[in-house]
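In our numbering, the protein residues as written are -18 to 287. Backbone N, C-alpha and C define an ideal beta-carbon position, used for all residues, glycine too.
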Amino acid sequence: MISSLSIKRAAADVGFDLCGITRCRHLDRNERFFREWLEAGHSANLDYLRNNLDKRFDPSALVEGARSVIVCAVSYKNAFSMGYDGDCRTKIASYACNRDYHKSIKQMLRQMFALLRETSPEMEGRLFVDSAPLLEKQLAVDAGLGWIGRQSLLVTPRFGTFVLLGEIVTTEEADSYDRPFDGSRCGECRRCIDACPNGAILPSHCIDASRCISCATVEGNDTADIRLNGWIFGCDECQSCCPYNRHTPMHGNAAFDPRFDPSSISSGEWLGMTEETFTARFAGTPLMRSGLERLQRNVRRNIPDD
Ligand code: SF4
Ligand code: SF4
-18 MISSLSIKRA
-8 AADVGFDLCG
2 ITRCRHLDRN
12 ERFFREWLEA
22 GHSANLDYLR
32 NNLDKRFDPS
42 ALVEGARSVI
52 VCAVSYKNAF
62 SMGYDGDCRT
72 KIASYACNRD
82 YHKSIKQMLR
92 QMFALLRETS
102 PEMEGRLFVD
112 SAPLLEKQLA
122 VDAGLGWIGR
132 QSLLVTPRFG
142 TFVLLGEIVT
152 TEEADSYDRP
162 FDGSRCGECR
172 RCIDACPNGA
182 ILPSHCIDAS
192 RCISCATVEG
202 NDTADIRLNG
212 WIFGCDECQS
222 CCPYNRHTPM
232 HGNAAFDPRF
242 DPSSISSGEW
252 LGMTEETFTA
262 RFAGTPLMRS
272 GLERLQRNVR
282 RNIPDD
């Protein structure tokens, strides 16, 4: 048994802004909903979402004997999160201006796990950052961190939607668990739905990936059918409009300081960039996942016709 207080202290010590603990359980409702979403064809070309469906809804299928999921969140809100000047045609989602969060958060979780094992050496578990089949947003709701907004993102009362998540699935029981977040605070608001340039936000809190700029620019092979609205990697439009982001603080963890200013790199500079320069300037950022060729394709798609 591990104390919930020591878990939360360790999370804060390594730089997380929020931490909640929930019991492992099979997420039946989410499984039904996700299968319907896949059947409806909304996953576009993101075929990997079909993998490991049996594990995705049950954390104990990922870690034998798992009892608890510790869900941590860190704010990354920066100077670019709330939008760019109207004529910017080289917009990049604000999370992607930083070091790749998979690396930063994995490192923080490793440090946290090591801290917890100092007092609970019997603790076993696995660390996850957006890369394993784990339904992290629902687990965050179960751990009391926030609710899932109409644009399908986690909304936290203190830090809004500009948060990144990491989890520890462990065999240990906690001495107390957090209450699931109660209901949604979206109320009558529909700003994210209205703000989406392609109408990609569907009813029941889900996204049509085939119409989403973020999916198309980061992982898609063809963006010809949708408006990119100046975005060349990701899209923050359904976040920057959210009233819960208006008064939230800027990130406080230096690991999430931006490494470059997207508005200072012109379309011409992108199109003339060599692979060597690209790697030298953006190594370690999420842009490497997409690659220069795809970014240049997106830049070309954003150049207005004469
Ligand atoms: S990321 Fe952009 S394109 Fe995708 S749902 Fe949000 S606003 Fe729409
Ligand atoms: S913009 Fe409005 S509807 Fe969308 S997540 Fe924020 S509060 Fe909810």
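Which residue from the options puts its Cα closest to that of residue i?
{"i": "Tyr225", "options": "Gly141, Cys53 and Arg240", "result": "Gly141"}
{"i": "Asp39", "options": "Asn11, Arg282 and Ile129", "result": "Asn11"}
{"i": "His228", "options": "Ser101, Ser41 and Pro138", "result": "Pro138"}
{"i": "Phe162", "options": "Thr3, Met104 and Leu276", "result": "Thr3"}
{"i": "Ser157", "options": "Asn33, Glu17 and Ser49", "result": "Ser49"}
{"i": "Glu293", "options": "Glu99, Ile188, Phe61 and Cys78", "result": "Outside the shown range of the chain (-18 to 287) lies residue 293, about which nothing can therefore be said."}
{"i": "Leu146", "options": "Lys72, Ala54, Val280 and Glu20", "result": "Ala54"}
{"i": "Arg37", "options": "Ala155, Leu134, Gly130 and Phe109", "result": "Phe109"}
{"i": "Asn59", "options": "Arg278, Ala77 and Gly46", "result": "Ala77"}
{"i": "Ile174", "options": "Asp66, Pro184 and Ala197", "result": "Pro184"}
{"i": "Ser(-13)", "options": "Arg91, Leu273, Asp159 and Leu97", "result": "Leu97"}
{"i": "Asp9", "options": "Asp111, Val(-5), Thr71 and Leu120", "result": "Leu120"}
{"i": "Arg(-10)", "options": "Thr100, Arg282 and Asp238", "result": "Thr100"}
{"i": "Cys15", "options": "Leu34, Glu274 and Met89", "result": "The residue asked about is misnamed: residue 15 is Phe in this sequence, not Cys. Here the closest residue by C-alpha is Leu34."}
{"i": "Asn283", "options": "Ala264, Thr266, Cys69 and Gly253", "result": "Cys69"}
{"i": "Trp305", "options": "Arg240, Cys223, Asn179 and Asp238", "result": "Nothing about residue 305 can be reported from this structure: the residues present for the chain run from -18 to 287 only."}
{"i": "Cys5", "options": "Glu117, Tyr82 and Arg80", "result": "Glu117"}
{"i": "Asp111", "options": "Gly265, Glu148 and Val122", "result": "Glu148"}
{"i": "Ala124", "options": "Met254, Gln277, Leu(-1) and Leu268", "result": "Leu(-1)"}
{"i": "Thr198", "options": "Arg13, Thr71 and Val(-5)", "result": "Thr71"}
Three-state secondary structure (DSSP) at residue i?
{"i": "Cys53", "result": "strand"}
{"i": "Glu154", "result": "coil"}
{"i": "Cys131", "result": "A quick correction: the sequence has Arg, not Cys, at residue 131. Correct three-state label for Arg131: coil."}
{"i": "Ile174", "result": "helix"}
{"i": "Arg4", "result": "strand"}
{"i": "Phe162", "result": "coil"}
{"i": "Phe214", "result": "strand"}
{"i": "Glu148", "result": "strand"}
{"i": "Ile(-17)", "result": "strand"}
{"i": "Phe109", "result": "strand"}
{"i": "Phe(-12)", "result": "Here residue -12 turns out to be Ile, not Phe, going by the sequence shown. Ile(-12): helix per DSSP, three-state reduction."}
{"i": "Ile194", "result": "helix"}
{"i": "Leu(-1)", "result": "strand"}
{"i": "Met89", "result": "helix"}
{"i": "Ala77", "result": "helix"}
{"i": "Pro224", "result": "helix"}
{"i": "Thr266", "result": "coil"}
{"i": "Leu19", "result": "helix"}
{"i": "Arg275", "result": "helix"}
{"i": "Asp203", "result": "coil"}
{"i": "Thr255", "result": "coil"}
{"i": "Ala95", "result": "helix"}
{"i": "Phe241", "result": "coil"}
{"i": "Glu103", "result": "coil"}
{"i": "Asn234", "result": "coil"}
{"i": "Ala60", "result": "coil"}
On the DSSP bridge assignment, give the partners of residue i in chain order.
{"i": "Leu43", "result": "Note: Leu43 sits in no beta bridge, so no partner."}
{"i": "Cys167", "result": "Note: Cys167 sits in no beta bridge, so no partner."}
{"i": "Thr137", "result": "Gly141"}
{"i": "Leu115", "result": "According to DSSP, Leu115 bridges with nothing at all."}
{"i": "Cys187", "result": "Leu183"}
{"i": "Lys72", "result": "Trp212"}
Report, in whole angstroms, the separation of the C-beta atoms of residue i and residue j, which I expect to be a contact under 8 Å.
{"i": "Ile51", "j": "Thr151", "result": "7 Å"}
{"i": "Gly106", "j": "Val44", "result": "6 Å"}
{"i": "Ile207", "j": "Ile194", "result": "7 Å"}
{"i": "Ser56", "j": "Gly233", "result": "7 Å"}
{"i": "Gln220", "j": "Leu126", "result": "Not a contact, Cβ separation roughly 16 Å."}
{"i": "Cys196", "j": "Ala190", "result": "4 Å"}
With 9 Å set as the bound, which would you pick, yes or no: does the beta-carbon of residue i sit closer than that to a beta-carbon of chain C?
{"i": "Cys78", "result": "No chain C appears in the structure shown, which is made up of a single protein chain."}
If you measure from each CB to the nearest heavy atom of ligand 2 and keep those under 6 Å, what residues do you get, in chain order? Gly130, Arg131, Gln132, Val136, Cys167, Cys170, Arg171, Arg172, Cys173, Cys222, Cys223, Pro224 and Tyr225
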